[in-house]
Amino acid sequence: MTKWMDVVAGVDFLKSDSNVSNLPIIVMGTSMGASTALVATGEDSRINGTIAISGYSDFPNVFIDTMKQYYIPKPLRLLEKPFITIYLGLHYGFDKLNYTPINSLEKFNNRPLLLMHSKKDRQVDYYNFIRIKSRAEQLGIDTTTLTRDGYEHFVIQRNLVTTPIEDPEFCSTILNFLNENFSN
Numbered sequence: 002m003t004k005w006m007d008v009v010a011g012v013d014f015l016k017s018d019s020n021v022s023n024l025p026i027i028v029m030g031t032s033m034g035a036s037t038a039l040v041a042t043g044e045d046s047r048i049n050g051t052i053a054i055s056g057y058s059d060f061p062n063v064f065i066d067t068m069k070q071y072y073i074p075k076p077l078r079l080l081e082k083p084f085i086t087i088y089l090g091l092h093y094g095f096d097k098l099n100y101t102p103i104n105s106l107e108k109f110n111n112r113p114l115l116l117m118h119s120k121k122d123r124q125v126d127y128y129n130f131i132r133i134k135s136r137a138e139q140l141g142i143d144t145t146t147l148t149r150d151g152y153e154h155f156v157i158q159r160n161l162v163t164t165p166i167e168d169p170e171f172c173s174t175i176l177n178f179l180n181e182n183f184s185n
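Taking our numbering, the leading residue of the sequence shown gets 2, the next gets one more, and so forth.
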């Protein structure tokens, strides 16, 4: 819940280096890294854009969504949610509970966002993508998306994780997002 501060430390470092301090800063992450990138962007206006791959909307919902994959009935899943929130508050501090990816969108101030997710992702359910995308649209955030029908948590084809250049759709989506929003 506080990992976003590590991203801000990285931004501080980049801004202190005169060789790169004038370049736009775009944060990119996958899974928890995507969610961390979203929160960091909401908290630090020096971040110019975000690429979030398979991010979750908030931890209680990702936990509940995972319970669904194990066929736990909806009433039981919903009963569990307050206990998850209480646990997180006790563990991290209740003041940290507002630092969620979905809440951070309110502070984006229309900085561009690229969301990518696989529709059958078993680690972070696709509903997280829908929640984040819907909230971004409600707030008028300039949002680009790429969804895939497969199970790949990293969105990129599993056999190409170490050679992403061989996945032209994945690469061109990211490059087009960067070119459309940050090229001079």
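Glycine is no exception: its CB is placed at the ideal position from the N, C-alpha and C atoms.
{"Asked": "Straight-line Cα distance separating T164 from G50", "Found": "24 Å"}
{"Asked": "Continuous beta strand (DSSP E) stretch holding H118: start and end", "Found": "114-119"}
{"Asked": "Under 8 Å between C-beta atoms of K97 and L116", "Found": "no"}
{"Asked": "Beta-carbon spacing of M29, I52 below 8 Å", "Found": "yes"}
{"Asked": "Endpoints, the alpha helix (DSSP H) within which V12 is located", "Found": "5-17"}
{"Asked": "Beta-carbon spacing of S32, G56 below 8 Å", "Found": "yes"}
{"Asked": "Beta-carbon spacing of P109, G43 below 8 Å", "Found": "As written in the sequence, residue 109 is Phe, which differs from the Pro given in the question. Cβ distance < 8 Å, so F109 and G43 count as in contact."}
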